[in-house]
Amino acid sequence: MGRHGAGVPFTQGRIGRPCGLCPIAGRVRRSGRHGLHTLNRRWRSVIFITGGAYQGKTAFALSLEDIRQTEVFSCDAQLRVLPDARVVTHIERFHLSLTRRGLPTVEYWQENIDRFSDAILIADDISCGVVPMDPVERAWREACGQANAFIAARADRVYRVFCGLAVRLK
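Residues in the sequence shown are numbered consecutively from 31, following my numbering.
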């Protein structure tokens, strides 16, 4: 377990090798329906961290568990997660990509949240501030809020980081 001792411990060694889309470690098996890799349920734990830009979210995530900087993946438009990634940052960028393509973000997470078992998901909170004039940016802001609410509801632990200080919300 991490130094905070809360929640389900992350695995220390890899028993199987997950696919490139699954940031999970442990025993993997193929599910029949989608061919996705799944994990033994006792090892699953999703942690969600949100907060403003440059507030210390990633540093806090690294302090939660024994995680190296090389295990951090910063999202791009395709949300390609490296096999060893245990921390996935900037998921709001992925939401922007979905919004620009007219795809629903919440539906994506409803179908794929289990792929991110045993991971720490980090999103910048873009809901504060001036409402964008651009319709796509307004839709993105709304999509981020809805997706973040869904992820927070499904996560085992949720934190908000402000000025380097974390507040546990769940």
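Where is the CB? At the ideal position from N, CA and C, for every residue including glycine.
Proximity of A179 and L128 at Cβ, strictly below 8 Å: In the sequence shown, residue 179 corresponds to position 149, counting from 1. In the sequence shown, residue 128 corresponds to position 98, counting from 1. Against a cut-off of 8 Å, the Cβ pair of L128 and A179 comes out as no contact.
Spatial neighbours of V136 in its chain, beta-carbon cut-off 8 Å, leaving aside the 5 residues before and after: Stepping through the sequence shown from its first residue, residue 136 is reached at position 106. A173, Q176, A177, F180, listed in sequence order.
Three CB pairs or more closer than 8 Å across the region 97 to 105 and the region 129 to 148: Remark: fewer than three beta-carbon pairs, one from each stretch, lie closer than 8 Å, so the region 97 to 105 and the region 129 to 148 are not flagged as touching.
Can you look up Y189 in the DSSP assignment and give me helix, strand or coil? Residue 189 sits at position 159 when you count from the first residue of the sequence shown. Strand.
For S104, which residues does DSSP report across the bridge? Along the sequence shown, read from residue 1 onward, the residue named residue 104 stands at position 74. Paired residue(s): T119.
Looking at the structure shown, is V160 part of a helix, part of a strand, or coil, going by DSSP? For the purposes of this step, residue 160 is identified with residue 130 of the sequence shown, where counting begins at 1. The answer is coil: DSSP assigns V160 none of H, G, I, E or B.
May I have the straight-line CA-CA distance separating G56 from M163, to the nearest angstrom? By 1-based counting over the sequence shown, the position of residue 56 is 26. By 1-based counting over the sequence shown, the position of residue 163 is 133. Note that G56 has pLDDT 35, beneath the 50 cutoff, so the model's placement of it is unreliable and no number is given.
In angstroms with no decimal places, state the Cα-to-Cα distance between R198 and Y189. For the purposes of this step, residue 198 is taken as residue 168 along the sequence shown, with counting starting at 1. For the purposes of this step, residue 189 is taken as residue 159 along the sequence shown, with counting starting at 1. About 4 Å.
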